[in-house]
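**Student:** Pasting a structure here, questions to come.
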Amino acid sequence: MKKAHDTLPPEQIVTALAHFAWCALVALRTAQQGGHALSPLSTHAFLLRWLTVAYKQKRFTRAIASDIESLVVLGRQKGLAASLFSRLEYLWSSCTGLVSAQSDLYRLTYAIEQLKSQGWVNAAVSDEDRDNEALLVQEYSDTNALLVRKSALTCGFSEEGKLVTPVEFLVTGNLSACTEVFQAHVLPSVMVELNRISLQPEQ
Numbered sequence: 001m002k003k004a005h006d007t008l009p010p011e012q013i014v015t016a017l018a019h020f021a022w023c024a025l026v027a028l029r030t031a032q033q034g035g036h037a038l039s040p041l042s043t044h045a046f047l048l049r050w051l052t053v054a055y056k057q058k059r060f061t062r063a064i065a066s067d068i069e070s071l072v073v074l075g076r077q078k079g080l081a082a083s084l085f086s087r088l089e090y091l092w093s094s095c096t097g098l099v100s101a102q103s104d105l106y107r108l109t110y111a112i113e114q115l116k117s118q119g120w121v122n123a124a125v126s127d128e129d130r131d132n133e134a135l136l137v138q139e140y141s142d143t144n145a146l147l148v149r150k151s152a153l154t155c156g157f158s159e160e161g162k163l164v165t166p167v168e169f170l171v172t173g174n175l176s177a178c179t180e181v182f183q184a185h186v187l188p189s190v191m192v193e194l195n196r197i198s199l200q201p202e203q
């Protein structure tokens with residue numbers, strides 16, 4: 001499924017995601033104007049049903065099929081906790097340029113949530129554990145994981161959520177997929193090594 005992303009350039013994928021999110025939100029608003037999907041539970045049920053139909057009927061380009069599928073899986077597994085409405089709102093905002101107005105920490109949080117919705121594991125580890133990289137890599141060798149020092153997260157952001165010092169992540173699994181999500185959330189990252197990426201504060 002992920003290979004489908006290669007069929008469109010990044011800017012067209014962003015446009016496709018924005019269109020998809022807009023269609024979902026308009027469908028919900030139309031239903032609410034008709035007196036439906038007014039409670040959190042019924043809103044979740046409506047969006048999950050809409051997403052499922054959209055995915056099965058292939059209403060949108062294959063390039064974003066895996067994104068739609070991830071939302072369907074998340075909605076089924078977590079129920080209301082999946083926050084489908086909030087995720088679609090954020091997707092719309094991020095794809096139409098508003099995401100850049102959010103703080104660095106806010107964007108990182110949502111990037112990690114998107115990765116987690118795609119099956120990634122995220123963990124903040126102690127300095128001692130992080131220094132023993134070989135053991136960490138072995139522990140997470142069979143999964144896509146994003147690992148970061150707790151101390152780096154604590155010191156890396158200001159009280160306003162601005163990135164003030166580099167924050168390095170150890171990545172096991174699909175590094176390019178992780179980088180793609182970071183870029184989509186306007187997070188300035190560089191590949192330090194084959195299994196490490198670092199968020200860099202603005203100069």
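Residues in the sequence shown are numbered consecutively from 1, following full-length UniProt numbering. By construction, the Cβ of each residue, glycine as well, lies at the ideal position given by its N, Cα and C atoms. Bear in mind that the values here come from a model prediction, so they are computed numbers and not experimental data.
Using a 10 Å radius around the Cβ and a threshold of 16 neighbouring Cβ atoms, would you call residue 185 buried or exposed?
**Tutor:** What you label residue 185 is simply residue 185 of the sequence shown in a count that begins at 1. Label assigned to residue 185: buried.
**Student:** Where does residue 149 sit, in a helix, a strand or coil, going by DSSP?
**Tutor:** Here residue 149 corresponds to residue number 149 of the sequence shown, with the count starting at 1. Residue 149: strand per DSSP, three-state reduction.
**Student:** According to DSSP, is residue 182 helix, strand or coil?
**Tutor:** Position 182 of the sequence shown, counted from the first residue, corresponds to residue 182. Here residue 182 sits in helix by DSSP.
**Student:** What span of residues does the alpha helix (DSSP H) with residue 141 cover, start to end?
**Tutor:** Residue mapping note: residue 141 aligns to position 141 of the sequence shown, counting from 1. Per DSSP, residue 141 belongs to no alpha helix (DSSP H) and is neither H nor E.
**Student:** Answer with buried or exposed for residue 72, where buried requires no fewer than 16 other C-beta atoms within 10 angstroms of its C-beta.
**Tutor:** Within the sequence shown, the letter at position 72 stands for residue 72. Residue 72 should be labelled buried.
**Student:** Would residue 131 pass as a contact of residue 151 if the rule is Cβ separation under 8 Å?
**Tutor:** Your numbering for residue 131 matches position 131 in the sequence shown. Your numbering for residue 151 matches position 151 in the sequence shown. Cβ atoms of residue 131 and residue 151: not closer than 8 Å.
**Student:** By Cβ distance, which residues of its chain are closer than 8 Å to residue 16, with the 5 residues on each side in sequence left out?
**Tutor:** Taking the sequence shown and counting its residues from 1, one reaches residue 16 at position 16. Correct list, in chain order: 8, 60, 61, 63 and 64.
**Student:** Please classify residue 86: does DSSP put it in a helix, a strand, or coil?
**Tutor:** Taking the first residue of the sequence shown as position 1, residue 86 is located at position 86. Correct three-state label for residue 86: helix.
**Student:** To the nearest angstrom, how far is it from the Cα of residue 23 to the Cα of residue 37?
**Tutor:** The sequence position of residue 23 within the sequence shown is 23, counting from 1. The sequence position of residue 37 within the sequence shown is 37, counting from 1. Cα to Cα, the separation comes out at about 16 Å.
**Student:** Output the distance between the C-alpha atoms of residue 181 and residue 121, rounded to the nearest integer angstrom.
**Tutor:** Position 181 of the sequence shown, counted from the first residue, corresponds to residue 181. Position 121 of the sequence shown, counted from the first residue, corresponds to residue 121. Going from the Cα of residue 181 to the Cα of residue 121 covers about 14 Å.
**Student:** Leaving aside the five residues before and after residue 106 along the sequence, list all residues of the same chain whose C-beta is less than 7 Å from its C-beta, in chain order.
**Tutor:** By 1-based counting over the sequence shown, the position of residue 106 is 106. These residues qualify, in order along the chain: 161.
**Student:** Where does residue 135 land, buried or exposed, given buried means 16+ other C-beta within 10 angstroms?
**Tutor:** Here residue 135 corresponds to residue number 135 of the sequence shown, with the count starting at 1. Exposed is the call here.
**Student:** My understanding is that residue 172 touches residue 141, with C-beta atoms under 8 Å, so please give their C-beta distance in whole angstroms.
**Tutor:** Taking the first residue of the sequence shown as 1, we reach residue 172 at position 172. Taking the first residue of the sequence shown as 1, we reach residue 141 at position 141. Confirmed, about 6 Å.
**Student:** What separation, rounded to the nearest whole angstrom, lies between the Cα atoms of residue 12 and residue 54?
**Tutor:** For the purposes of this step, residue 12 is taken as residue 12 along the sequence shown, with counting starting at 1. For the purposes of this step, residue 54 is taken as residue 54 along the sequence shown, with counting starting at 1. Approximately 19 Å, taken between the alpha carbons.
**Student:** Going by CA-CA distance only, name the one from 112, 81, 167 and 52 that's closest to residue 144.
**Tutor:** As a working note, residue 144 is residue 144 in the sequence shown. With distances taken between Cα atoms, residue 144 lies closest to 112.
**Student:** With distances taken Cα to Cα, identify the nearest neighbour of residue 103 among 96, 159, 189 and 67.
**Tutor:** The residue you call residue 103 lines up with position 103 of the sequence shown. Ranking 96, 159, 189 and 67 by Cα distance to residue 103 puts 159 first.
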